[in-house]
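What follows is a single structure, written as structure tokens, with notes after it.
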Amino acid sequence: MAHNKFVMAGVMGWPVAHSRSPVIHNHWIRQYGLQGAYGLFPVQPGKLEDAIRGLPALGLAGCNVTIPHKVDAMKLMDAVDPLARRMGAINTIVVSPEGALHGFNNDGFGYIQCLRDAKPDWQANAGPATVLGAGGAARAVVLSLLDEGATEVRLINRTRAKAQALADEFGSGVQVYDWDERHEALSGIALLVNTTNQGMHGQPDLDIQLDRLPQTALVSDAIYIPLETPLLKAARLRGNATVNGLGMLLNQARPAFKAWFGVMPEITDELRQAIMATF
Ligand code: NAP
């Protein structure tokens, strides 16, 4: 992408005012001395098609899509990346020079990368992984763990049928346990991931006992408000290494920025501080 051109992108969501994506992308635009801007687009559900069809006409390089548009936006693409197709949702649109719309999903990349940032020698096949939750974040986490070589993912959701549907789709590497079995399902694992909303600001703590969790297991939470959820605090106090959700949020933005602005951006302490200042 030409560096002398003013490049515009943004995020479509409803509501979207809370999105941290403008802070992230505008920080990188300044850091790399680029000409461009990243904005917020409040797009009502019934207006998604008009908004997406308008991207090439407006000359945007692309945009992110967030709740509630991630699934519907995929149907409006001219081409969908195979990984996004398997995830069943997109979070990034790239407009080609000819005006074609390409859909991607970088949440899984963001998740794996945040583990590697915290633990450079992290390996998906180090042992079983237990994933709590079966919503959008869980899809990205489970699929990316399997793609990285995980051989046993124990999937546990309050509504078992949703976990079962994911397992049916993703194959024998995923085994479903009952919500009541969540405490026992921590024995012998190398990774515990919370993708439920429990422990998020304004929500109750995640109800789980960690006594069976090996001390060598890495514990990660997709939640980033607060940065240290009660789960991560309890894990840290008993000696487990922990990874919060901020790294996933920041890392998923990197491939999109590269596609629009031509630079693979780095995550600096300044960027982390800028985001934390918005909490
Ligand atoms: P979602 O699709 O709405 O899924 C929510 C999940 O939470 C479901 O599995 C749901 O279970 C479970 N849940 C809700 N209330 C519960 C309760 N009382 N007890 C047990 N489980 C409960 O949401 P999502 O998009 O996957 O997001 C989930 C979390 O991940 C949010 O906190 C979000 O902020 C975070 N997230 C972070 C990133 C990042 O970049 N760091 C990216 C995406 C999401 P049921 O199926 O039984 O309802």
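Basically our numbering = 1-based index in the sequence shown + 53.
Backbone N, C-alpha and C define an ideal beta-carbon position, used for all residues, glycine too.
- Non-local C-beta neighbours of GLU281 in its own chain, meaning closer than 8 Å and more than five positions away in sequence, comprise ARG289, THR295 and ASN297, ordered along the chain.
- GLN251 and LEU259 have their C-alpha atoms roughly 5 Å apart.
- For LEU271, the enclosing beta strand (DSSP E) has its first and last residue at 271-274.
- Pairwise C-beta distances place the stretch 79-98 out of contact with the stretch 129-145, as fewer than three of them are shorter than 8 Å.
- Taken from the Cβ of TRP81, every heavy atom of the ligand NAP lies 8 Å or farther away.
- Between ARG207 and ASP231, the CB-CB gap reaches or exceeds 9 Å.
- Between the C-alpha atoms of ALA306 and ALA312 there is a straight-line separation of about 10 Å.
- Bridge pairing for MET61: ALA90 [DSSP].
- Within the same chain, Cβ atoms closer than 8 Å to the Cβ of LEU113 are found at MET61, ALA62, GLY63 and VAL148, the five residues on either side in sequence being excluded.
- A residue is called buried once 16 or more other Cβ atoms fall within 10 Å of its Cβ, and THR204, having fewer, is exposed.
- Counting C-beta pairs with one atom in each stretch, the stretch 313-321 and the stretch 176-192 have fewer than three that are closer than 8 Å, which means they do not touch.
- Judged by their CB atoms, ARG291 and ILE261 are not nearer to each other than the 9 Å cut-off.
- Secondary structure within the stretch 230-267: the beta strand (DSSP E) runs of 3 or more consecutive residues, fully enclosed, are 244-247 (chain order).
- The beta carbon of MET253 is closer than 7 Å to those of ILE276 and ILE278 in its chain, skipping five residues each way along the sequence.
- Between ALA243 and PRO267, the C-beta spacing is below 9 Å.
- Nearest to ASP264 by alpha-carbon distance, out of VAL246, SER240 and THR249, is SER240.
- The DSSP-derived three-state label of HIS155 is strand.
- Nearest in C-alpha terms to ASP274, of all of ARG139, HIS71 and ALA191, is ALA191.
- An exposed status is given to LEU111, since fewer than 16 other beta-carbon atoms sit within 10 Å of its beta-carbon.
- Set against 8 Å, the gap from the CB of TYR91 to the closest heavy atom of the ligand NAP is not smaller.
- Taking VAL229 as the centre and dropping the five residues before and after it, the same chain places the C-beta of LEU208, ALA216, GLN217 and ALA220 closer than 6 Å to its C-beta, in chain order.
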